[in-house]
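**Q**
Numbering (the working numbering), first residue to last: 45 to 305.
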């Protein structure tokens with residue numbers, strides 16, 4: 045549903061140094077947890093939407109619109125159920141929505157949707173090779189960088205495997221459309237078991253391939269991909285650091301909190 049590899053479309057965001065995009069991913073994700081008041085998170089969400097448009101990622105977000113809507117509503121409703129203190133803002137029959145529950149629910153929902161937008165934007169504008177070399181240039185141990193890049197490569201493979209298994213089992217008469225959640229979970233067993241077997245086989249073949257090529261994590265390596273921080277990369281990283289520091293200062297000054305009722 046959401047991309048795990050960079051899209052073919054080239055934009056200004058695609059051309060940034062991978063270290064810039066890694067820093068942007070970390071700092072923008074952290075900004076979502078600086079404030080508790082949804083009025084301070086909405087501008088961040090809108091900014092991410094603009095960046096997604098500039099990076100050509102809107103199609104990816106539209107493709108997952110139902111998942112985003114489900115996560116937004118489920119998070120918002122959960123807060124209305126478990127947080128009932130404070131004055132009632134809206135009365136919908138037997139359901140009372142308090143002001144505190146509404147604000148906390150909206151904040152949590154915006155955080156989830158915005159976090160998915162950040163991840164989608166990062167993955168759609170950063171190639172696997174760029175991610176690997178970017179992590180290595182940031183002095184991340186090669187083992188960790190290799191695991192991250194390998195996981196990013198395997199996600200679409202596993203998703204394709206699950207899709208193929210579901211199609212094959214459906215062709216054999218497996219019905220996954222039951223509305224009963226317990227019955228539907230039980231019918232997923234013919235999908236889960238072949239998937240686990242396929243994953244074990246894939247891991248075994250991958251291990252054998254690495255051993256046959258003499259893979260050693262501690263070996264010195266050369267890379268065909270050359271990266272370099274340009275002035276615009278330094279400007280973007282500096283701007284993001286200043287923005288994050290400013291938001292943290294605002295929060296320490298008492299802004300961005302939910303008023304106590």
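Backbone N, C-alpha and C define an ideal beta-carbon position, used for all residues, glycine too.
Give the straight-line distance between the Cα atoms of residue 190 and residue 288, rounded to the nearest whole angstrom.
**A** Going from the Cα of residue 190 to the Cα of residue 288 covers about 29 Å.
**Q** Skipping 5 residues on each side, what residues in its chain have a beta carbon closer than 8 Å to that of residue 243?
**A** Taken in chain order, the residues that qualify are 202, 205.
**Q** Using C-beta distances below 7 Å, list every residue in its chain close to residue 67, excluding the 5 sequence neighbours before and after it, in chain order.
**A** Excluding residues within five positions, the ones whose Cβ falls inside 7 Å are 281, 284.
**Q** Taking DSSP as the reference, what is the three-state secondary structure of residue 301?
**A** Residue state, collapsed to three classes: coil.
**Q** Relative to the alpha-carbon of residue 197, which residue among 104, 184, 171 has its alpha-carbon at the smallest distance?
**A** Among 104, 184, 171, the Cα nearest to that of residue 197 belongs to 171.
**Q** In terms of alpha-carbon separation, which member of 95, 82, 258 lies closest to residue 302?
**A** Nearest option by C-alpha distance: 82.
**Q** Taking only three categories from DSSP, how would you classify residue 214?
**A** Of the three classes helix, strand and coil, the one that applies to residue 214 here is helix, per DSSP.
**Q** Looking only at its chain, what residues have a beta carbon closer than 6 Å to the beta carbon of residue 47, apart from the 5 residues adjacent to it on each side?
**A** Confidence at residue 47 is low in this model, with a pLDDT of 45, below 50, so its placement is unreliable and no value can be given for it.
**Q** Look at the alpha carbon of residue 64 and the alpha carbon of residue 84, and state the distance between them as a whole number of angstroms.
**A** Cα to Cα, the separation comes out at about 24 Å.
**Q** So, for residue 45: in the same chain, excluding its five sequence neighbours on each side, which residues have a beta-carbon less than 7 Å away from its beta-carbon?
**A** Per-residue confidence for residue 45 stands at a pLDDT of 45, beneath the threshold of 50, marking its modelled position as unreliable; the derived number appears in the next sentence. Only 107, 108, 111 meet the Cβ criterion.
**Q** Quick check on the DSSP output: the alpha helix (DSSP H) that includes residue 144 runs from which residue to which?
**A** Segment 143-169, the alpha helix (DSSP H) holding residue 144.
**Q** Could you tell me which of 141, 126, 158, 185 sits nearest to residue 116, measuring between CA atoms?
**A** When only C-alpha atoms are compared, the closest one is 158.
**Q** Measuring alpha carbon to alpha carbon, tell me which residue in 164, 256, 141, 114 is nearest residue 102.
**A** For the residues 164, 256, 141, 114, the minimum Cα distance to residue 102 belongs to 164.
**Q** Closest to residue 54 by C-alpha separation, out of 154, 300, 97, 88, would be which residue?
**A** Per the Cα distances, 97.
**Q** Classify residue 147 as buried or exposed, calling it buried when 16 or more other Cβ atoms lie within 10 Å of its own Cβ.
**A** Buried is the call here.
**Q** Residue ranges of each alpha helix (DSSP H) run of no fewer than 4 residues wholly in the region 66-132, ordered along the chain?
**A** 82-98, 102-107, 109-126, all fully within the region 66-132.
**Q** What does the alpha-carbon distance come out to for the pair residue 235 and residue 211?
**A** Their Cα atoms are separated by approximately 10 Å.
**Q** Alpha carbon to alpha carbon, what distance is there between residue 232 and residue 239?
**A** Looking at the two C-alpha atoms, the distance is approximately 11 Å.
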